[in-house]
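Chains as they are written, first to last, in this note's numbering: chain A, 49 to 339; chain B, 200 to 452; chain C, 14 to 323.
Okay, here's the thing in structure tokens:
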């Protein structure tokens, strides 16, 4: 019983960490620009696919991984510069369509370039499972969790202890005020897209040895990251991380105990329940519209 | 019995007590002004009475019946209309359609009949359009009857909001700074307009910064400061009240 | 909203009357029928998105309910297709109505999320209940018949769909220029202003959401019978996005924009089919370019350019 529960928990937390990184990406961009970036999932896919491509091309693993993070970051910047900046202040629907367009372009290009096959990446430190109370834990899961934890700590440090990070936070609270005190808000926007693309890519790379990847995994991963961000109260960084883990765990538990064929539906049932009963997410604050 | 009775009304936003234990009565048929420095809670008070905010505590009665916490659309059915300090015009509609929306509750809102454009609905709609045009002329918007809302100047939009509120055929109308941002000539026009509305039998509650207009129009005045009632009475009584003088001098010093 | 908006309706009807005699072959007739079906769905969706200002990223789910009601009920239970179609619409109305109330207390991105979630759940259910729906492979749909008359040929379908489209355009034009329609547009323009004049905004949002969902469901049934086969792709997230895109590209809050959007985006995959493998890239690029350079959509942008009101 316990072993089974632990097994589901391990796999849930592992996938949940990826959702958490994607959710952080949504949060960063949402805070900087009020845009929900529906292309976020494609960065996850890009990370995994590029890591596969570069390692198969014979590059040493660290170099391959670095490139697989850098290139999506550049793509993120391009999306911001070419598609988001020109339509500042557009309606929500318009922005949603633009980012969906961007996601189609990214996915389409990868499909043309690398094909429709499913790829895998060797685990970073072997496939020998670790036995814990009868459940098995893959070493790669430790990589996923460890790196995610490091990233969360690094982000916390960045936003609370560095000037650049504080400037980004200030912009999310009040753009005009931030501009008035001399913060370059278009730099903030630029950074948000670069960082969230890199975060997504990182998540994609880490989880690929466990879940495999192909050109079309981005949609579901991205949508689940979005669910996680909304569960955590849109715009709340810590909430996004907790939301990601929660979505991952519930999904794994649901798949294990209820029905594995409805695994993908679980995050969306969860989000509907949460939106119905706590419309601002689990960790979101209250706000009042001014008239 | 007064038309509107407000008793110990309060609302808190987090730690901010925007309105605290405010009480007053408004008799039918008068012009009642609410004044006070910026941030005194005047608009919040309007939002509470017209149902946009729910009070933290206290009571609001219309014709002796409690209306505290009722939604704005329920209050509309009881003949309460209002305008907004920050314009709330529907820029996606024409000027006259904005006014026609004011007649919403008096028109047939059935979806099926609308989709089939039944003759009765069509006829009533044409009447509503004519009434709306008439109201636009009443508020001095003769020149804008065929205009798009997003092509109108600020001063005209202010009056368009009043026309929309009047299209409800209200018994009680709340005007939130109808003269704010207007030039002296436009201010005088609005002054006359408010007088005309009051003369037509509608009870008017007014928030306004233009003291000349307030003193000129109001039968009674409520003075708010930091969300609390500072004074209430006729123009003369309020003007002589030492607390009011202090607050105003303080605010302007 | 002047009288001459109905001029467009006459033009649409005229085009629909002439079209079957000028389309060169059955391939194009099929394309035109699919355009018209999409146009009806998009008209309904535009009432929700463009006029009332509420987004839905899950409308393909409702389309799926209609399509699968028409496939499953006659096949497994022997229901008459017309009854099945009605049942699909009824189920859609009840489901949309049930979820709409809580959904429409939400705004913006939360609303997008809720509708998206609903659509995805419906799609997953269709994919998984293979014993009823045929799963990912889909299932055949029996032909539609009424009073002993079988709807089989494309020509017959064309006239049915053309009639549906004409009526939908007419009804949409009527609706937006009515007290109901003005209330919808007013809550888009200023929610609080519409509330204080007595519009029960949640009720109106629910009503238009349910109505547009029922439109989608009915046309889902029509699609199912016309094509003769249903697959889960009809109900997937991508199709929801396609429908929203038709609204946005044609022009939000523009009846004729809905038609243009539906026509263009239905034709697009055909036009792109020559670029083997590049369809997704091209589709995505067109979406982005349109939104960047014409955020209001084609018809309103062109109407403004040539000084004609819509």
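Think of the CB as a built atom: it goes at the ideal place given N, C-alpha and C, for glycine as much as any other residue.
In this text the structure is predicted, and so the values were computed from the model without any measurement.
Can you pull the DSSP bridge partners for residue i?
i: residue 375 of chain B; result: B/406
i: residue 272 of chain A; result: Answer is none; residue 272 of chain A lacks a bridge partner.
i: residue 153 of chain C; result: C/242
i: residue 230 of chain B; result: B/403
i: residue 208 of chain B; result: B/221
i: residue 424 of chain B; result: B/427
i: residue 164 of chain C; result: C/157
Given this structure, state the Cα-to-Cα distance separating residue i from residue j, to the nearest angstrom.
i: residue 92 of chain A; j: residue 375 of chain B; result: 51 Å
i: residue 54 of chain A; j: residue 183 of chain A; result: 6 Å
i: residue 322 of chain C; j: residue 268 of chain C; result: Per-residue confidence for residue 322 of chain C stands at a pLDDT of 47, beneath the threshold of 50, marking its modelled position as unreliable; the derived number appears in the next sentence. Each residue's Cα considered, the two are about 12 Å apart.
i: residue 172 of chain A; j: residue 244 of chain C; result: 40 Å
i: residue 39 of chain C; j: residue 141 of chain C; result: 35 Å
i: residue 288 of chain A; j: residue 126 of chain A; result: 25 Å
i: residue 427 of chain B; j: residue 210 of chain C; result: 29 Å
i: residue 7 of chain C; j: residue 313 of chain C; result: Because chain C here runs from 14 to 323, residue 7 of chain C falls outside it and cannot be looked at.
i: residue 404 of chain B; j: residue 18 of chain C; result: 41 Å
i: residue 205 of chain B; j: residue 63 of chain C; result: 41 Å
i: residue 222 of chain A; j: residue 133 of chain A; result: 18 Å
i: residue 157 of chain C; j: residue 238 of chain C; result: 6 Å
i: residue 391 of chain B; j: residue 329 of chain B; result: 23 Å
i: residue 48 of chain C; j: residue 155 of chain C; result: 22 Å
i: residue 127 of chain C; j: residue 78 of chain A; result: 18 Å
i: residue 228 of chain C; j: residue 159 of chain C; result: 20 Å
Check the Cβ of residue i against every Cβ in chain A and list those closer than 7 Å, keeping chain order.
i: residue 137 of chain C; result: 310, 312, 313
i: residue 254 of chain C; result: 148
i: residue 258 of chain C; result: 145
Which term fits residue i, buried or exposed, when burial requires 16 or more other beta carbons within 10 angstroms of its beta carbon?
i: residue 318 of chain B; result: exposed
i: residue 163 of chain A; result: exposed
i: residue 452 of chain B; result: Confidence is the limiting factor: at residue 452 of chain B the pLDDT is only 39, short of 50, which leaves the residue's position unreliable and the question unanswerable from this model.
i: residue 155 of chain A; result: buried
i: residue 217 of chain B; result: buried
i: residue 170 of chain C; result: buried
i: residue 424 of chain B; result: buried
i: residue 353 of chain B; result: exposed
i: residue 384 of chain B; result: exposed
i: residue 382 of chain B; result: exposed
i: residue 78 of chain C; result: buried
i: residue 209 of chain A; result: exposed
i: residue 15 of chain C; result: For residue 15 of chain C, the pLDDT reaches just 49, beneath the cut-off of 50, and the residue's location in the model is therefore unreliable, leaving the point undetermined.
i: residue 304 of chain C; result: buried
i: residue 439 of chain B; result: exposed
i: residue 194 of chain A; result: exposed
i: residue 285 of chain B; result: exposed
Measure how close the beta-carbons of residue i and residue j come, nearest whole angstrom, since I'm counting them as under 8 Å.
i: residue 202 of chain C; j: residue 265 of chain C; result: Contact doesn't hold; Cβ gap of about 13 Å is too wide.
i: residue 229 of chain A; j: residue 308 of chain C; result: Not quite, the Cβ-Cβ distance comes to about 31 Å (not below 8 Å), so this is no contact.
i: residue 402 of chain B; j: residue 227 of chain B; result: 5 Å
i: residue 70 of chain C; j: residue 254 of chain C; result: 7 Å
i: residue 276 of chain A; j: residue 291 of chain A; result: 4 Å
i: residue 12 of chain C; j: residue 153 of chain A; result: Missing from the structure shown is residue 12 of chain C; chain C here goes from 14 to 323 and no further.
i: residue 67 of chain C; j: residue 124 of chain C; result: 6 Å
i: residue 309 of chain B; j: residue 193 of chain C; result: 7 Å
i: residue 224 of chain B; j: residue 207 of chain B; result: That pair is no contact at about 13 Å.
Using a Cβ-Cβ cut-off of 8 Å, state whether residue i counts as contacting chain D.
i: residue 203 of chain C; result: The chain labelled as chain D is not found among the protein chains of the depicted structure, namely A, B and C.
Mind listing the chain C neighbours of residue i? Cutoff is C-beta to C-beta under 8 Å, in chain order.
i: residue 142 of chain A; result: 261, 304, 308
i: residue 367 of chain B; result: 210, 211
i: residue 135 of chain A; result: 304, 305, 308
How would you list, in chain order, the residues of chain C whose beta-carbon sits under 7 Å from the beta-carbon of residue i?
i: residue 267 of chain B; result: Ordered by position in chain C, no residue passes the 7 Å Cβ test against residue 267 of chain B, which lies about 16 Å from the chain.
Just the chain C side, please: which residues come within less than 9 Å of residue i by C-beta, in chain order?
i: residue 285 of chain B; result: Result: empty, since nearest Cβ-Cβ is about 10 Å, beyond 9 Å.
i: residue 156 of chain A; result: 290, 291, 292, 293, 294, 295, 296, 297, 298
i: residue 296 of chain B; result: 14, 190, 195, 198, 199
i: residue 131 of chain A; result: 301, 304, 305
i: residue 70 of chain A; result: Within 9 Å Cβ-Cβ: nothing; residue 70 of chain A doesn't reach chain C, min ~14 Å.
Using a Cβ cut-off of 8 Å, pull out every chain B residue sitting near residue i, in sequence order please.
i: residue 187 of chain C; result: 313, 314, 315, 316
In chain B, what lies closer than 9 Å to residue i by C-beta?
i: residue 114 of chain C; result: By Cβ distance, chain B contributes nothing, its closest Cβ being about 14 Å from residue 114 of chain C, past 9 Å.
i: residue 106 of chain C; result: In chain order: nothing, as chain B lies at least about 13 Å away.
Cβ of residue i within 7 Å of any heavy atom in the ligand MN?
i: residue 265 of chain C; result: The ligand MN is absent from the structure shown, which contains no ligands of any kind.
Which residues in chain A sit within 9 Å of residue i, going by Cβ to Cβ distance?
i: residue 141 of chain C; result: 307, 309, 310, 313
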